[in-house]
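Down below is the structure, laid out as structure tokens.
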Amino acid sequence: MTDASTTRRDAETTDSSPHLESGHLSLKALVALSLASFFPAVAIALAPYVTYSSAGITGWQSSLLATIAVIFIGRAIIVFARRYVAKGLIYSYVGEVFGTWAKWLAGAAMLAGFIVGLAAFASICGIFIGSFLSARGIHWALDLGPQIVVFGLVLSMAGAIAFRGLDTSVTIAVVLAVLALPLVLVITAASARHTGLHWSEQFSYSGFSFGHTLQGIAVGAAFLIAFESCAALATETRNPRRNIPVAIMSVPVILGGILPIATILQAPGLASASEQLAAGVSAPAALAAQAGLSPWIGSATDLVLALASFAALIGFVNYGSRYLMTLAEDGILPPVLTRIHSRHHTPYIAIVTVVGISFLCDVGLSFLAGSVSAAYLLNANLLVFLWVIPYVLICVAAIVITVREKEIRPGLWLTTILGGAAMVWSFVNGIINPPPAPGDVAVWVAIAAVVVIVGIFAICRGRHRQIH
Numbered sequence: 006m007t008d009a010s011t012t013r014r015d016a017e018t019t020d021s022s023p024h025l026e027s028g029h030l031s032l033k034a035l036v037a038l039s040l041a042s043f044f045p046a047v048a049i050a051l052a053p054y055v056t057y058s059s060a061g062i063t064g065w066q067s068s069l070l071a072t073i074a075v076i077f078i079g080r081a082i083i084v085f086a087r088r089y090v091a092k093g094l095i096y097s098y099v100g101e102v103f104g105t106w107a108k109w110l111a112g113a114a115m116l117a118g119f120i121v122g123l124a125a126f127a128s129i130c131g132i133f134i135g136s137f138l139s140a141r142g143i144h145w146a147l148d149l150g151p152q153i154v155v156f157g158l159v160l161s162m163a164g165a166i167a168f169r170g171l172d173t174s175v176t177i178a179v180v181l182a183v184l185a186l187p188l189v190l191v192i193t194a195a196s197a198r199h200t201g202l203h204w205s206e207q208f209s210y211s212g213f214s215f216g217h218t219l220q221g222i223a224v225g226a227a228f229l230i231a232f233e234s235c236a237a238l239a240t241e242t243r244n245p246r247r248n249i250p251v252a253i254m255s256v257p258v259i260l261g262g263i264l265p266i267a268t269i270l271q272a273p274g275l276a277s278a279s280e281q282l283a284a285g286v287s288a289p290a291a292l293a294a295q296a297g298l299s300p301w302i303g304s305a306t307d308l309v310l311a312l313a314s315f316a317a318l319i320g321f322v323n324y325g326s327r328y329l330m331t332l333a334e335d336g337i338l339p340p341v342l343t344r345i346h347s348r349h350h351t352p353y354i355a356i357v358t359v360v361g362i363s364f365l366c367d368v369g370l371s372f373l374a375g376s377v378s379a380a381y382l383l384n385a386n387l388l389v390f391l392w393v394i395p396y397v398l399i400c401v402a403a404i405v406i407t408v409r410e411k412e413i414r415p416g417l418w419l420t421t422i423l424g425g426a427a428m429v430w431s432f433v434n435g436i437i438n439p440p441p442a443p444g445d446v447a448v449w450v451a452i453a454a455v456v457v458i459v460g461i462f463a464i465c466r467g468r469h470r471q472i473h
């Protein structure tokens with residue numbers, strides 16, 4: 006089985022040959038990196054705005070339901086994380102139940118998802134850095150040319166940090182994530198204090214719109230997609246069958262639990278700042294201005310959120326490189342991706358590859374969409390649609406494996422059905438009610454990407470069999 010072969014390979018590796026450091030990462034470090042990888046400051050700054058934009062003043066309901074749906078999916082994932090130790094995440098887990106076809110389908114979607122996710126994080130860094138410089142008179146900072154330079158710089162820096170090893174990655178990512186939080190929390194608290202809570206509107210169900218609430222769930226869940234990615238570090242984690250499930254659930258429980266509260270606190274301020282938001286002012290800057298805070302605070306948020314986004318980039322370069330390495334070990338990507346650096350014990354070829362492809366993806370989508378901000382919207386929608394396949398598969402697989410092992414778990418079965426249904430809805434809704442252009446093509450781009458990558462898997466697998 007995948008987990009057994011993976012664990013055995015790591016255990017049998019001698020100290021004299023390059024290898025990942027088994028059992029190196031503590032629970033504390035793993036949870037810290039997992040949370041930092043989902044840029045809490047950026048999520049708190051932007052998630053309330055996007056859910057408010059979709060669902061209105063009662064957007065906290067969508068945010069809460071999105072969190073619950075992701076927690077339900079998390080329950081399905083940890084059924085496997087407690088049984089198996091594997092770097093391949095859901096790709097490895099569903100293979101234990103359904104075999105090769107499910108592995109390839111989930112694997113293709115997740116490979117595209119990691120590339121698109123890294124491109125999206127690089128875009129966010131570029132947008133925030135460009136906005137910060139533009140506010141200081143460097144108006145060309147948001148042009149496509151300078152933004153491409155920023156993409157290359159931040160991706161290269163994240164790759165260099167990941168190459169240095171997990172200890173370096175954890176330290177830098179967590180420090181940046183922590184530094185970014187206070188300013189966003191100050192703005193949120195100041196906005197809530199200035200406007201107060203609109204209890205009669207925010208907690209009223211008289212104007213409840215099922216359609217708007219479901220749209221809010223889809224955009225709210227986008228900030229938690231790929232929350233299980235820390236499982237890519239399973240073979241490098243101490244006591245992985247205990248620690249990986251805890252780290253996986255830390256994102257939807259801790260960060261997901263904070264987002265509905267942040268939405269409640271920010272929604273009245275967002276409603277009051279509607280004109281500024283319509284004029285293109287960022288949500289944190291608009292809230293800061295509404296609350297009467299110093300102008301430098303709103304401006305500084307751009308730089309702070311760029312740092313938080315870079316922290317996320319570091320985490321996902323580590324996750325993505327381990328994932329590529331797993332696919333190569335299984336013979337469906339070139340074997341060169343399995344090479345480990347002798348000194349730093351990192352998959353350096355996989356790191357360079359995932360960084361390079363993500364850069365090309367970001368540049369290509371930016372030219373296709375016409376602007377960096379439009380490319381980010383396309384990236385964000387793609388990320389959600391790509392992760393539908395693995396999440397639905399893992400929900401079904403969790404039910405199947407418990408039935409096979411004669412476990413009676415009606416609570417788990419119900420929650421996984423609901424979690425899987427939420428993901429199916431997000432995909433169907435993307436077809437019925439597509440997001441604004443260029444995001445309206447995201448569903449079809451996601452399908453095409455999965456088909457192309459499955460074809461690449463088949464070619465690599467054929468060559469692998471010829472060699473062996």
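According to the working numbering, the residues represented by the sequence shown are 6 to 473, in order. By construction, the Cβ of each residue, glycine as well, lies at the ideal position given by its N, Cα and C atoms.
Exercise. Sort Ala236, Ile76, Pro187, Ser161 by Cα distance to Leu38 and report the nearest one.
Key: Looking only at Ala236, Ile76, Pro187, Ser161, the smallest Cα-Cα distance to Leu38 is reached by Ala236.
Fill in: Distance between beta carbons of Leu318 and Ala127, contact taken as under 8 Å
A Cβ-Cβ distance of about 7 Å is found for the pair Ala127 and Leu318, placing them in contact under the 8 Å criterion.
Check your understanding: For the 8 Å Cβ check, are there 3 or more pairs between the region 76-96 and the region 373-386?
Key -> No contact exists between the region 76-96 and the region 373-386.
Practice task
Output yes or no for whether 9 Å exceeds the beta carbon distance between Val47 and Ala223.
Solution key: Not a contact, by the Cβ cut-off of 9 Å.
**Prompt:** Nearest-angstrom Cα distance between Val180 and Ala71?
**Reply:** Going from the Cα of Val180 to the Cα of Ala71 covers about 28 Å.
contact_flag[the region 225-235, the region 256-269] where n(CB pairs < 8 Å) is 3 or more:
Touching, yes, given that three or more Cβ pairs across the two stretches are closer than 8 Å.
Q. Among Arg327, Gly467, Ile437, Phe137, which has the Cα closest to the Cα of Ala167?
A. The residue with the shortest Cα to Cα distance from Ala167 is Arg327.
Query - Cβ-based neighbour list, Ser304, same chain, cut-off 6 Å, excluding 5 preceding and 5 following - result: Cβ neighbours of Ser304 beyond the five flanking positions: Ala140.
Here's the rule I'm using: 16 or more other beta-carbon atoms within 10 Å means buried, otherwise exposed. How should Gln471 be labelled? Gln471 is exposed by the Cβ-count criterion.
task: Following the continuous alpha helix (DSSP H) through Glu280, name the residue where it begins and the one where it ends.
output: In the DSSP annotation of this structure, the continuous segment of the alpha helix (DSSP H) that includes Glu280 starts and ends at 279-283.
>> Under DSSP, the alpha helix (DSSP H) around Arg344 begins and ends at which residues?
In response: Taken as a continuous stretch (DSSP letters only), Arg344 belongs to no alpha helix (DSSP H), as it is neither H nor E.
| message | Within a Cβ cutoff of 6 Å, which residues of the same chain sit near Leu391, ignoring the five residues on either side of it in sequence? | response | Closer than 6 Å at Cβ, skipping near neighbours: Ala114, Ala117, Gly118, Ala451.
> Is Val359 near Val322, with beta carbons less than 9 Å apart?
Replying inline: With respect to the 9 Å criterion, Val359 and Val322 are classified as neighbours on the basis of their beta carbons.
* For Thr351, the three-state DSSP class (helix, strand or coil) -> Coil.
Measure the Cβ-Cβ separation of Leu110 and Ala252 and say whether it is below 9 Å.
-> It is not a contact, given that the beta carbons lie outside the stated cut-off.
Check: Are Ala52 and Ala294 closer than 9 Å when you measure CB to CB?
Finding: Their beta carbons are not under 9 Å apart, which means Ala52 does not touch Ala294 by this criterion.
Requested in this report: List in chain order: all unbroken alpha helix (DSSP H) runs of 4+ residues lying wholly within the region 391-467.
Outcome: Counting only runs of 4 or more, we get 415-437.
Can you name the residues that DSSP bridges to Leu30? Looking at the DSSP output, Leu30 shares a beta bridge with Thr242.
For Thr421 and Arg466, what's the separation of their Cα atoms in angstroms? One Cα belongs to Thr421, the other to Arg466, and the distance between them is close to 32 Å.
| request: Reducing DSSP to helix, strand and coil, say where Tyr89 ends up. | output: Reduced to three states, the DSSP call for Tyr89 is coil.
So, does the region 184-194 touch the region 394-403, judging by three or more C-beta pairs under 8 Å?
For the pair of segments examined, the region 184-194 was found not to touch the region 394-403: the number of CB pairs separated by less than 8 Å stays below three.
* Asked: By Cβ distance below 7 Å, which residues in the same chain neighbour Gly170 in space, the five residues on each side in sequence not counted?
  -> Here Gly170 has His349, His350, Thr351 as same chain residues with Cβ atoms under 7 Å from its own Cβ, once five neighbours each way along the sequence are excluded.
Check your understanding: Which value, in whole angstroms, describes the spacing of the CA atoms of Asp15 and Ile458?
Key -> Confidence at Asp15 is low in this model, with a pLDDT of 44, below 50, so the placement of that residue is unreliable and no value is reported for it.
| said: So Ala163 and Phe315 are supposed to be a Cβ contact under 8 Å. How far apart are they, rounded? | reply: Confirmed, Cβ separation roughly 7 Å.
Glu334 to Pro300, Cα distance in whole Å?
-> Going by the C-alpha atoms only, they are around 53 Å apart.
Notebook entry, point to check: Cα separation between Leu388 and Gly122?
Noted result: Using only the alpha carbons, I get a separation of about 6 Å.
Item to check | Ala71 in three-state terms, based on DSSP | outcome: Looking at Ala71 - three-state DSSP - the assignment turns out to be helix.
Worksheet item: If you draw a straight line from the alpha carbon of Ala453 to that of Arg198, how long is it in whole angstroms?
Response: One C-alpha to the other measures close to 48 Å.
Exercise. Excluding five sequence neighbours on each side, which residues of the same chain lie with their C-beta closer than 7 Å to the C-beta of Ser277?
Worked result: Excluding sequence neighbours, Ser277 sits near Thr200, Gln295.
### Query
Do you know whose CA, among Ile95, Asn386, Arg87, lies nearest Tyr324's CA?
Checking every option, the nearest Cα to that of Tyr324 belongs to Ile95.
- prompt: First and last residue of the alpha helix (DSSP H) that includes Trp106?
  reply: Run containing Trp106: 105-139, per the alpha helix (DSSP H) assignment.
* **Inter-residue Cα distance where the pair is Leu264 and Gly104** => Looking at the two C-alpha atoms, the distance is approximately 37 Å.
Practice item. Excluding the 5 residues preceding and the 5 following Ile132 in the sequence, name in chain order all residues of the same chain whose CB lies nearer than 7 Å to its CB. Key: The beta carbon of Ile132 is closer than 7 Å to those of Val377, Ser378, Tyr381 in its chain, skipping five residues each way along the sequence.
DSSP three-state call for Asp335: helix, strand or coil? Note: Asp335 maps to coil in three-state DSSP.
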